[in-house]
Every structure is written in structure tokens, then in C-alpha cells.
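J.: Whatever position you read off the sequence shown (first residue = 1), add 41 for our numbering.
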Amino acid sequence: METHRLENRRFKRARMVVAVKISYPESDGNSGQLVHTLDLGTSGAKLGGLREEIIVGKIVVLHRKHKKATCKIVWTRDEERELHVGIQLLKADPNFWGLDLAEENLSPRGKLDAKLQMLLTKS
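#1: I'd like to check one pair, V102 with S64: are the Cβ atoms closer than 8 Å?
#2: In its own chain, which residues sit with a C-beta less than 8 Å from the C-beta of V58, not counting the 5 before and 5 after it?
#3: Cutting at 6 Å between CB atoms, please list the residues of its own chain near G98, excluding the five before and the five after it.
#4: Taking the beta strand (DSSP E) that I128 belongs to, which residues open and close that run?
#5: To the nearest angstrom, how far is the alpha carbon of E121 from that of S84?
#6: Is the separation between the beta-carbon of L131 and that of I95 shorter than 8 Å?
#7: Under three-state DSSP, which class holds G31?
#8: Buried or exposed for R150, going by 16 or more other Cβ atoms inside 10 Å?
#9: What are the boundary residues of the beta strand (DSSP E) that includes A133?
#10: By DSSP, does M57 sit in helix, in strand, or in coil?
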């Protein structure tokens with residue numbers, strides 16, 4: 042099943058942990074749940090660390106530093122101690138993650154890991 046999803050993916054993803062807060066559009070923005078990415082790309086991400094059930098199709102807001110992105114939950118998976126979800130950014134924002142995720146920078150793997158590590162040490 043995972044292979045099928047990967048074949049349908051239009052954009053490559055980078056494995057990277059970035060802290061984000063997830064909330065609902067109807068909330069005041071101060072409430073929410075701190076979670077983290079497991080991998081991310083220009084059009085979405087895989088999130089981990091969720092403790093509450095969330096419905097596929099639900100619209101959520103991701104907060105990263107001073108930026109917000111409206112997203113749709115596209116899949117969920119109950120792992121041993123946490124829930125993992127796949128999110129799709131509803132409006133493309135190449136700067137939301139604060140990383141250069143251009144296609145040419147995602148290969149080869151070693152170059153990407155080095156660039157991401159360099160970015161992490163700068164912030």
C-alpha cells in the first residue's frame with residue numbers, strides 16, 4: 042500500500058524533523074497541538090506526534106514560527122504511541138518550511154542531508 046502512494050506522489054520529499062503546531066481554522070490560534078514533521082516537501086508533509094484522532098479530509102492550520110499554512114489531512118495511520126498523518130498544503134508556499142526544496146537539491150541523498158544539516162545549524 043505504501044508503494045502505491047509513493048508511485049502517485051508528484052513531488053519528492055526530504056526526511057526532516059521540523060517542529061510545528063497544528064490547529065483548526067475555527068480555533069483561536071493559541072490552542073493546538075505541538076507535532077513534528079517526519080518528511081516534508083513543497084506540497085505537503087508526513088506529521089508525527091499527534092495524540093488526538095483526526096479525520097481524513099479535515100482542514101487544519103499548520104504554524105511554523107510566524108508562518109501559517111492551511112492544509113488538508115489526506116491519510117492517517119495509528120502507530121504504536123502516536124498518530125501519523127499526511128497533509129497536503131492547500132496553497133503552495135515554497136518558503137513555508139524555510140528550506141530550498143527544489144527538485145535538483147533532492148538528489149543525491151548525501152548532498153541533501155548535508156544542506157539540511159547546514160540549515161539547521163544556522164537557525
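Every residue, glycine too, gets a C-beta built ideally from N, C-alpha and C.
T.: The structure says:
#1: For S64 and V102, yes; Cβs fall inside 8 Å.
#2: Excluding sequence neighbours, V58 sits near H77, T78 and L79.
#3: Excluding residues within five positions, none has a Cβ falling inside 6 Å.
#4: First-last of the beta strand (DSSP E) with I128: L124 to L130.
#5: When only Cα atoms are considered, E121 and S84 end up about 27 Å apart.
#6: No. Outside cutoff.
#7: The structure shown does not extend to residue 31, since the chain is modelled only from 42 through 164, so no value can be given for it.
#8: Bear in mind that a pLDDT of 49 at R150, under 50, signals an unreliable position, so the model cannot answer this.
#9: No beta strand (DSSP E) contains A133, which DSSP labels as neither H nor E.
#10: Per DSSP, reduced to three states, the secondary structure at M57 is coil, with no helix or strand assignment.
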